[in-house]
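With my numbering as the guide, the letters of the sequence shown map in order to residues 1 to 706.
All C-beta atoms, glycine included, are put in the ideal place defined by N, C-alpha and C.
Have a look at the structure below before the remarks.
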Amino acid sequence: MDAQPARHPHPLYRIGVDIGGTFTDVVVVEEHSGVVQVVKVPTTPADPSQGFLDGLAAAFARFAITPQQVVFAVHGTTIATNTIIEGQGAAAGLITSAGFSDVLEIAYQTRPSLYDIFYDKPRPLVPRWRCIGVPERIAADGAVLTPLDEAAVAAAACRLRDQGAEAIAVAFLHAYRDPTHERRAAAVIAAAVPGLPVVLSSDVCPEYREYPRTSTTVVNAVLVPKVGPYIARLEQRLAALGLGSGLHLMTSSGGIIAAATARALPVHLVESGPAAGVIGAAFVAGRLARPDLGARILALDIGGTTAKVALVDNGVPALADSFEVGAAARPTTTNGRGQGYPVKTPVISLVEIGAGGGSIARIDPGGALTIGPDSAGAVPGPACYGKGGERPTLTDANLVLGRLDPAFFLGGALPLDPARADAAIDRAVARPLGLSVVAAAQAIVEIANARMIAALEFISVQRGIDPRDYALVPSGGAGPLHAVAVAAALGLATVIVPPTPGLNSALGLLASDVKHDLVRTLYRRTGDLSPAALWSALDEMAASGLRLLADNGVPPERRELRLEAELCYVGQSYPLTLPVPAERDGVLAALDAAFRASHRQKYGFASPTEPTLIANLRVSAIGRVDRPAPAAGRPGSGAAAALKGWRNVCFDQPTDTPVYDRARLGTGDRIAGPAIIEQMDTTTVLPAGATATVDASGSIVIDLRR
């Protein structure tokens with residue numbers, strides 16, 4: 001993976017930059033040779049864009065690249081979700097229909113844990129005194145019941161400005177049916193308070209369901225003044241460097257969008273970083289010499305702050321149409337309710353928990369050992385970094401157990417201090433529990449593993465899926481440290497370790513397509529709808545999607561449309577999403593039959609006579625992007641040639657263990673555990689009974705069958 005690109009008169013490069021909570025990862029792909037090269041630098045929390053530029057500068061210097069040689073640059077970032085979680089969003093105001101100004105306060109009446117009497121709903125992003133109702137009303141069928149009071153809108157805008165609002169969200173009742181009042185309100189606000197950003201629900205989330213639509217609009221409004229300038233500054237600094245490719249960003253649904261779109265709709269970036277990791281895992285699994293091994297995978301991404309898990313079938317991650325953001329103190333799932341702020345945008349379905357390499361271990365008030373969700377982050381970092389951190393983390397525990405080489409962390413760029421790790425664990429965990437430092441470190445690792453196992457069971461076992469039918473693909477700097485133990489506990493037979501696990505999210509950025517997701521609420525009975533009416537709505541949405549792709553510079557031959565409809569029985573609350581058949585005349589009958597079959601498969605029954613309803617139409621406009629084509633790995637010469645030495649590693653007990661250099665392993669090389677496999681961005685722990693084989697794609701396939 002570190003070989004220099006093949007010589008070419010005009011080498012061109014594609015660059016992916018993923019900013020995590022601890023490290024900023026850069027992946028560089030040379031277009032002609034397919035050689036992948038990587039750089040990892042510390043994240044700069046005070047200014048994440050500086051970490052982006054530091055990573056670029058390091059890549060340019062190390063690989064002798066000029067900015068003019070970069071033809072494509074894409075960015076994955078956690079800035080949007082961190083802005084919400086940390087409560088650093090802009091002060092926004094909400095203008096809504098008269099009588100509905102309490103919508104954010106009322107929210108959902110459900111709670112994540114039914115019998116938790118201490119549960120408090122998240123504090124609304126917009127306080128009640130900055131939510132103003134104005135006279136207007138459009139009915140569910142689009143009829144105007146009350147004309148818009150423009151004077152009231154102007155007065156509300158001035159009042160919000162005087163109260164310190166940095167952006168204004170506008171969410172009128174049934175604006176998804178007819179956005180006329182919202183459009184006119186935006187013009188009135190622009191005249192009354194020039195320069196103040198205005199976010200319309202009909203632009204952000206033109207769907208029925210009042211609270212999720214309003215919440216999504218408000219989330220976008222609090223992000224625009226914070227994330228928009230960040231992206232704009234980054235674009236300016238890249239242009240000043242001479243980078244002529246422009247900038248794209250990863251969205252929550254696993255697609256990429258142009259920077260201009262991201263500035264206006266940062267709500268689509270909320271799950272940007274986790275989405276890139278899942279796409280990267282699917283890409284790596286799809287390149288195996290044995291495609292059957294990677295057809296069904298569980299993606300486990302363990303970074304410095306969190307661990308994320310997701311399920312992928314045949315290269316396609318499971319998607320959800322909504323999620324909640326802001327649940328920093330709880331495990332976050334894309335189908336949880338009441339934990340955070342609803343965001344009604346497509347998202348890769350995942351579970352995220354506070355169990356990353358920097359997650360802090362401590363004794364809780366009940367005297368039990370726990371880990372996370374708080375993290376040491378990049379500053380000060382784990383105790384072993386020697387940067388002022390004094391609390392023990394998962395990284396410190398792995399160092400104490402001998403699984404990390406203190407002289408080879410990040411390839412030697414960041415030496416670790418075992419004495420500081422030992423002291424931190426002794427002070428905070430070992431002595432309070434009456435354990436040795438090694439036993440305390442083992443307990444920390446086991447608790448972290450248990451949390452990861454629970455998250456993986458949530459997305460598989462609890463949804464009726466047998467995880468034993470899947471392979472585990474670990475990524476993130478800490479992923480391969482824990483993957484085999486986690487997989488063994490779940491009964492999995494295979495673990496697939498990517499060539500550069502610690503930078504797999506950045507690789508995922510380069511394996512994604514340009515994608516725009518459009519949605520429109522129809523809410524019509526299937527029997528009352530004509531095929532012409534359905535296709536008229538779909539054709540209009542498709543035309544909008546194609547225009548967006550054209551604006552992004554996607555050539556016609558690379559454009560693709562994916563049409564879907566959400567159907568339910570009349571009176572049912574939540575629909576099922578189905579692909580729209582290609583036939584024009586028989587489309588409604590085909591959709592109706594497909595829905596009943598899908599309902600039977602999902603719920604075990606289906607009524608043959610109950611009338612159905614089409615709730616929403618969805619169009620995904622996709623611009624196909626060239627995937628990286630990494631060069632094939634070199635033939636192996638036997639694992640013995642990659643042996644670096646031996647060291648004492650604690651598995652169930654201290655064991656004298658061989659340590660291998662992954663860069664010197666070739667295709668077909670086999671290693672039997674116990675063993676340690678080291679590389680710049682991660683360390684793979686191979687316990688006894690597991691066997692690792694280097695695949696022709698460069699991935700390591702670990703067989704757990706004994």
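Mind reading off the beta-carbon distance from residue i to residue j? Whole number of angstroms is fine, and I expect it under 8 angstroms.
i, j, result
"H32", "I302", "34 angstroms between Cβ atoms; not a contact."
"A448", "I363", "Not really, about 15 angstroms apart at Cβ, beyond 8 angstroms."
"V224", "V199", "6 angstroms"
"G377", "P654", "Incorrect: roughly 31 angstroms between the Cβ atoms, too far for contact."
"L249", "L269", "6 angstroms"
"P575", "E564", "That pair is no contact at about 11 angstroms."
"S201", "A175", "5 angstroms"
"L399", "L410", "Not a contact, Cβ separation roughly 13 angstroms."
"E271", "V347", "5 angstroms"
"G342", "Y211", "Here residue 342 is Pro; the residue named in the question, Gly, does not match the sequence. That pair is a contact at about 7 angstroms."
"I65", "Y13", "6 angstroms"
"A450", "L472", "Not confirmed; about 16 angstroms, so no contact."
"C384", "P418", "7 angstroms"
Verify whether the separation of the beta carbon atoms of residue i and residue j is less than 8 angstroms.
i, j, result
"P674", "T657", "yes"
"A424", "E446", "no"
"R524", "L404", "no"
"L160", "V204", "no"
"V134", "I95", "yes"
"V70", "D54", "no"
"S252", "A275", "yes"
"V495", "I702", "yes"
"I459", "L311", "yes"
"S97", "R137", "yes"
"P382", "G358", "yes"
"I353", "A489", "no"
"L401", "V649", "yes"
"P501", "P467", "no"
"A299", "G326", "no"
"L578", "F605", "no"
"I279", "A511", "yes"
Hey, could you find the ends of the alpha helix (DSSP H) residue i is sitting in?
i, result
"S215", "210-241"
"R403", "Segment: none, R403 is in no alpha helix (DSSP H) and carries neither H nor E."
"L288", "Premise fails: L288 is in no alpha helix (DSSP H) and is neither H nor E."
"M452", "437-459"
"P480", "479-490"
"V188", "180-192"
"A532", "531-551"
Let's test the definition: count the other Cβ atoms within 10 Å of the Cβ of residue i and tell me whether it reaches 16, buried, or not, exposed.
i, result
"P147", "exposed"
"I84", "buried"
"V126", "buried"
"P555", "exposed"
"L588", "buried"
"S49", "buried"
"T332", "Because T332 sits at a pLDDT of 44, beneath the cut-off of 50, its placement in the model cannot be relied upon, and the following sentence gives the value as read from the coordinates. Buried, since its Cβ has 16 or more Cβ neighbours within 10 Å."
"A329", "Confidence at A329 is low in this model, with a pLDDT of 38, below 50, so the placement of that residue should be treated as unreliable; the coordinate-derived value is given next. Answer is exposed; the Cβ neighbour count stays below 16."
"Q88", "exposed"
"N504", "buried"
"E105", "exposed"
"V144", "exposed"
"K344", "buried"
"T334", "Low per-residue confidence applies at T334: pLDDT is 48, beneath 50, and the placement is therefore not dependable, though the value from the model is reported in the following sentence. Classification of T334: buried, given that the 10 Å Cβ count is 16 or more."
"T24", "buried"
"A73", "buried"
"Q442", "buried"
"A92", "buried"
"V26", "buried"
"P608", "exposed"
Can you tell me where the beta strand (DSSP E) holding residue i begins and where it ends?
i, result
"V374", "A small correction: the amino acid at residue 374 is Asp; Val does not occupy that position in the sequence shown. Per DSSP, D374 belongs to the beta strand (DSSP E) from 369-375."
"T683", "683-686"
"V429", "That residue, V429, is in no beta strand (DSSP E); it is neither H nor E in DSSP."
"D517", "514-525"
"S475", "471-475"
"L561", "559-569"
"C131", "131-134"
Got a sec: is the Cβ-Cβ distance from residue i to anything in chain B below 8 angstroms?
i, result
"L234", "Here there is only one protein chain, and chain B is not present."
> Of all the beta strand (DSSP E) runs that stay within the bounds of the region 595-675, which reach a length of 3 or more residues?
Replying inline: 612-623, 643-650, 654-661, 670-672
> Going along the chain, which unbroken runs of the beta strand (DSSP E) with 3 or more residues stay wholly within the region 30-90?
Replying inline: 36-42, 70-77
> Which whole runs of the alpha helix (DSSP H) in the region 95-126 are 4 residues long or more, in chain order?
Replying inline: 103-106
> Enumerated in chain order, which unbroken segments of the alpha helix (DSSP H) with a length of 4 residues or greater are wholly contained in the region 247-326?
Replying inline: 259-264, 272-286
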